[in-house]
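Worksheet for the structure shown next.
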Amino acid sequence: MINYCRASYEDGTMKGTPKASAGNQGTIITVEDLFYNMPQRRQCLKSPTEEMQKICDVISKYAVHNSSVAFTLKKYGEPPILRTTGRGTRECNIADIYGTQIGRSLLPVELEDEVHKFKLTALVTNVDYSAKRGIMLLFINHRLVDSSALKAAVDNIYSTYLPKGMHPFTYISLEITPTHLDVNVHPTKHEVHFLYEDEIIDKIKRRIELKLLGSNTTRTFYKQLRLPGISNIDMEDNENEASLKNFDKERMDKDRVRTDSKEQKLDKFLLQKPIPNQEVNNSNSTSFTHIEDESFKINTARKSELLLTSIKQMQENVERRLNVMLRKILKDLVFVGIVNEAYALFQYDTKLYLCNTSKFCEELFYQRLIFEFQNLPHIQLETPLDIRELVRIALECEEAGWSPEDGDKMELAESACKILIEKAPIMREYFSLRINEEAQLEALPAILPQHYPCSTHLPMYILRLATEVDWESEVECFETFCRETAKFYALTSVLEIESLPQRHNWLIEHVLYPSFKRYLLPPNHLKQQLYELTNLSQLYKVFERC
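Quick note: the sequence shown uses UniProt numbering, first residue 1, plus one each step.
If you want it as structure tokens, here you go:
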């Protein structure tokens with residue numbers, strides 16, 4: 001298991017010690033109160049629009065240099081300003097960010113020099129492209145910098161080919177021995193100098209000149225023509241129409257995947273408010289106080305080594321039943337939306353799927369109980385709940401199927417209570433479900449971060465632990481306990497969904513489905529709970545566009 005930590009820094013020093021935290025693989029950095037103790041520096045900040053343009057400029061340049069990394073830049077509440085998939089090339093990213101005209105004009109330039117110990121990787125536009133505002137991306141040892149000498153040399157090269165006042169687009173990446181680099185030229189560290197600067201720039205200049213000479217066999221010039229008559233207009237209209245059709249044909253790629261499974265939404269990081277206190281009444285007017293988030297206190301468990309052979313066998317069975325294709329679909333799914341309390345939509349590749357969320361949840365919780373055996377944290381209840389009362393409430397429900405022939409409810413509750421008290425050490429040690437000597441429920445297992453079981457079904461869960469779990473056989477005991485617990489955690493309450501729909505939807509999108517992607521090893525039987533609704537090829541046949 002990967003351990004995650006949360007740490008805070010102020011004025012360059014860490015505040016306290018790092019704390020364990022739930023999280024996805026990666027690093028999240030949040031900056032607050034920028035320059036709070038430097039009022040003069042804070043006053044130098046421009047308007048939000050100007051600052052956003054500067055941020056966009058820097059991110060665009062790093063997105064080109066690091067083409068294997070996916071970048072997404074957005075303002076809160078607005079669509080992405082910039083997005084790269086991380087699967088393209090530098091040429092593709094330049095075309096996407098700076099325009100297809102630049103992308104079509106790029107020439108690769110490479111040079112490796114053993115004498116002065118440097119390596120050059122560059123993309124420069126040919127002599128057909130020119131713009132009033134030149135763009136130069138310069139990275140030295142993978143750091144975005146400026147070099148006035150190198151910029152002047154490049155401009156000098158293109159002045160021979162381009163009209164006066166016009167400039168090229170250039171991307172240059174230099175790898176130089178770090179000891180030859182001097183970054184202390186400017187307070188902002190933007191401007192740099194390096195050893196053998198004149199010699200290195202001269203070699204770069206000659207290599208770019210050689211590349212441009214090889215591409216100077218053809219030139220494109222534009223000339224304005226006057227249309228002499230109607231016939232010419234009709235001809236031009238036909239040509240334009242044909243060119244538009246060809247353009248649309250090239251653009252319509254019915255097999256293109258337009259989503260990224262690694263992309264995250266901002267509302268994932270917006271914490272939901274605690275569930276308000278409420279009461280859930282069953283058909284027999286027996287009340288049961290709803291367990292709030294505020295009454296839950298999650299305590300982490302110390303990691304312990306797994307020694308039981310039965311659990312290892314159960315883990316191997318889960319891995320053996322794995323459907324590889326289903327796992328691949330879950331790993332790269334992109335959540336689309338919620339249909340109802342049981343079903344949701346997600347996209348994989350060019351296909352749209354309808355997924356039975358509750359069935360997938362049940363299998364997920366079952367597997368987490370097995371793979372986190374003896375290492376589960378627990379949810380501490382502020383007010384312990386009486387086991388006898390919970391069983392009595394469960395017997396009042398129609399789902400329990402109680403009849404007078406079964407015996408007195410109080411006697412049945414007492415019998416179930418004795419069983420659970422006797423087996424309490426097993427549940428406490430292996431699954432973090434805690435029942436004290438006074439027959440009170442103190443804690444439940446915390447299977448997933450930010451997920452809490454539905455309190456409406458808690459009485460029936462406690463009853464089924466006493467009646468449906470095989471406490472005699474070790475393997476059957478663990479198997480039936482995990483299955484019953486997984487069913488309980490997968491259940492939802494219609495009343496809770498109606499009272500707090502936003503939190504319910506947030507839980508499904510940002511907790512459950514990401515957990516499917518990360519943890520779930522789907523067995524074959526889950527194929528019956530996944531339905532392919534449509535795909536881009538079928539939609540293209542109907543709408544003739546993507």
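Just so it is clear, CB atoms sit at the ideal spot from N, CA and C, and this is done for glycine as well.
Between which two residues does the beta strand (DSSP E) harbouring residue 380 extend?
-> Here residue 380 refers to the residue found at position 380 when the sequence shown is read from its first residue. Per DSSP, residue 380 belongs to the beta strand (DSSP E) from 378-386.
Proximity to residue 358 [Cα-Cα], best of 516, 114 and 534 | As a first step, residue 358 must be located in the sequence shown, where it is residue number 358. It is 516.
First and last residue of the alpha helix (DSSP H) that includes residue 215?
-> Working through the sequence shown from its first residue, we reach residue 215 at position 215. Segment: none, residue 215 is in no alpha helix (DSSP H) and carries neither H nor E.
Can you give me the start and stop residues for the beta strand (DSSP E) that residue 14 sits inside?
-> Taking the first residue of the sequence shown as position 1, residue 14 is located at position 14. Run containing residue 14: 13-20, per the beta strand (DSSP E) assignment.
For the segment 300-379, list the alpha helix (DSSP H) runs that are entirely contained and at least 4 residues long, ordered along the chain.
-> 309-320, 324-331 and 357-371
In this structure, what does DSSP give as the bridge partners for residue 41?
-> Working through the sequence shown from its first residue, we reach residue 41 at position 41. Paired residues: none, contrary to the question.
Residue environment, residue 364, which counts as buried when at least 16 other CB atoms sit within 10 Å | By one-based count along the sequence shown, residue 364 stands at place 364. The residue is buried, with at least 16 neighbouring Cβ atoms inside 10 Å.
So, residue 193 versus residue 147, is the Cβ gap smaller than 9 Å?
-> By one-based count along the sequence shown, residue 193 stands at place 193. By one-based count along the sequence shown, residue 147 stands at place 147. Going by C-beta atoms, residue 193 is nearer than 9 Å to residue 147.
Minimum length 4: unbroken alpha helix (DSSP H) runs contained in the segment 124-169 | 148-158
Which partner residues of residue 110 appear in the DSSP bridge assignment?
-> Here the question's residue 110 lines up with position 110 in the sequence shown. According to DSSP, residue 110 bridges with 121.
Looking at C-alpha atoms only, which residue of 325, 489 and 316 is the closest neighbour of residue 366?
-> As a position in the sequence shown, residue 366 is number 366, starting the count at 1. Looking at the Cα atoms, 489 is the closest of the given residues.
Could you tell me the boundaries of the beta strand (DSSP E) in which residue 196 lies?
-> The sequence position of residue 196 within the sequence shown is 196, counting from 1. Element bounds for residue 196: n/a, residue is neither H nor E.
Starting from the C-beta of residue 35, find all residues in its chain whose C-beta is less than 8 Å away, skip the five residues before and the five after it, and write them out in chain order.
-> Looking up residue 35 in the sequence shown gives position 35. For residue 35, where only same-chain residues beyond five positions count, the Cβ hits under 8 Å are 41, 42 and 45.
Is it true that the CB of residue 127 sits closer than 9 Å to the CB of residue 162?
-> Sequence index remark: in the sequence shown, residue 162 carries index 162 (1-based). Sequence index remark: in the sequence shown, residue 127 carries index 127 (1-based). Yes. Within cutoff.
Anyone know if the C-beta pair for residue 355 and residue 530 falls short of 9 Å?
-> The residue you call residue 355 lines up with position 355 of the sequence shown. The residue you call residue 530 lines up with position 530 of the sequence shown. Going by C-beta atoms, residue 355 is nearer than 9 Å to residue 530.
Flag this pair as touching only if the segment 192-211 and the segment 99-110 have three or more C-beta atom pairs under 8 Å; answer yes or no.
-> yes
Quick one: is residue 277 buried, meaning 16 or more other Cβ sit within 10 Å of its Cβ, or exposed?
-> Mapped onto the sequence shown, residue 277 falls at position 277. At residue 277, the pLDDT of 39 sits below 50, so the modelled position is not reliable and the matter cannot be decided from this model.
If you draw a straight line from the C-alpha of residue 318 to the C-alpha of residue 137, how long is it?
-> Counting from one through the sequence shown, the residue named residue 318 turns up at place 318. Counting from one through the sequence shown, the residue named residue 137 turns up at place 137. If I take the Cα positions, the gap works out to 51 Å.
Proximity of residue 352 and residue 85 at Cβ, strictly below 9 Å = As a working mapping, residue 352 is identified with position 352 in the sequence shown. As a working mapping, residue 85 is identified with position 85 in the sequence shown. Contact annotation: residue 352 and residue 85 have beta-carbon atoms that are not nearer than 9 Å.
Alpha carbon to alpha carbon, how far is residue 165 from residue 141? Give it in angstroms, no decimals.
-> Counting from one through the sequence shown, the residue named residue 141 turns up at place 141. Counting from one through the sequence shown, the residue named residue 165 turns up at place 165. For residue 141 and residue 165, the distance between alpha carbons rounds to 31 Å.
Test item: CB-CB of residue 465 and residue 427 under 9 Å | Taking the first residue of the sequence shown as position 1, residue 465 is located at position 465. Taking the first residue of the sequence shown as position 1, residue 427 is located at position 427. Yes, they are a contact pair.
Where residue 68 falls: helix, strand or coil (DSSP) | Residue numbering aside, residue 68 sits at position 68 when the sequence shown is read from its first letter. Residue 68 falls in the coil class under three-state DSSP.
Can you grab the Cα-Cα spacing for the pair residue 135 / residue 324, in whole Å?
-> Within the sequence shown, numbered from 1, the residue matching residue 135 stands at position 135. Within the sequence shown, numbered from 1, the residue matching residue 324 stands at position 324. The alpha-carbon separation between residue 135 and residue 324 amounts to approximately 47 Å.
Tell me the DSSP bridge mates of residue 440?
-> What you label residue 440 is simply residue 440 of the sequence shown in a count that begins at 1. Note: residue 440 sits in a beta bridge opposite 386.
Cβ of residue 446 within 9 Å of Cβ of residue 504?
-> Here residue 446 is taken as the residue at index 446 of the sequence shown, counted from 1. Here residue 504 is taken as the residue at index 504 of the sequence shown, counted from 1. Not in contact: residue 446 and residue 504 (Cβ atoms no closer than 9 Å).
If you draw a straight line from the C-alpha of residue 513 to the C-alpha of residue 25, how long is it?
-> Position 513 of the sequence shown, counted from the start, is the residue given in the question as residue 513. Position 25 of the sequence shown, counted from the start, is the residue given in the question as residue 25. One Cα belongs to residue 513, the other to residue 25, and the distance between them is close to 15 Å.
With distances taken from CA atoms, which of 150, 184 and 183 is nearest residue 170?
-> As a first step, residue 170 is located in the sequence shown; it is residue number 170 there, counting from the start. Checking every option, the nearest Cα to that of residue 170 belongs to 150.
When you compare only the Cα positions, how much space is there between residue 112 and residue 202?
-> On the sequence shown, position 112 is the one that residue 112 refers to. On the sequence shown, position 202 is the one that residue 202 refers to. Answer to the nearest angstrom: the Cα atoms are 14 Å apart.
Between residue 413 and the rest of its own chain, which residues show a CB-CB distance below 6 Å, the 5 nearest in sequence each way excluded?
-> Within the sequence shown, residue 413 is the residue found at index 413, counting from 1. The answer, listed in chain order, is 388, 391 and 392.
Taking the DSSP output, what are the residues bridged to residue 202?
-> Looking up residue 202 in the sequence shown gives position 202. Answer is none; residue 202 lacks a bridge partner.
Spatial distance of residue 154 from residue 205 (CA atoms) | Reading the sequence shown from its first residue, position 154 is the one you call residue 154. Reading the sequence shown from its first residue, position 205 is the one you call residue 205. Their backbone Cα atoms lie some 7 Å apart in a straight line.
Close beta carbons around residue 200, own chain, < 6 Å, minus the five adjacent residues each side = To locate residue 200, count along the sequence shown from 1; it is residue 200. Contacts found: 116 and 118.
Reduced DSSP secondary structure (H/G/I, E/B, other) of residue 446 = Taking the sequence shown and counting its residues from 1, one reaches residue 446 at position 446. Residue 446 falls in the coil class under three-state DSSP.
From residue 50 to residue 59, what distance separates their C-alpha atoms?
-> In the sequence shown, the residue the question calls residue 50 occupies position 50. In the sequence shown, the residue the question calls residue 59 occupies position 59. The alpha-carbon separation between residue 50 and residue 59 amounts to approximately 14 Å.
Helix, strand or coil at residue 94 [DSSP, three-state] = Within the sequence shown, the letter at position 94 stands for residue 94. In this structure, residue 94 counts as helix in the three-state DSSP scheme.
With respect to the alpha helix (DSSP H) encompassing residue 7, which residues constitute its N-terminal and C-terminal limits?
-> Walking along the sequence shown from the start, residue 7 turns up at place 7. Here residue 7 belongs to no alpha helix (DSSP H); instead the beta strand (DSSP E) covers 5-10.
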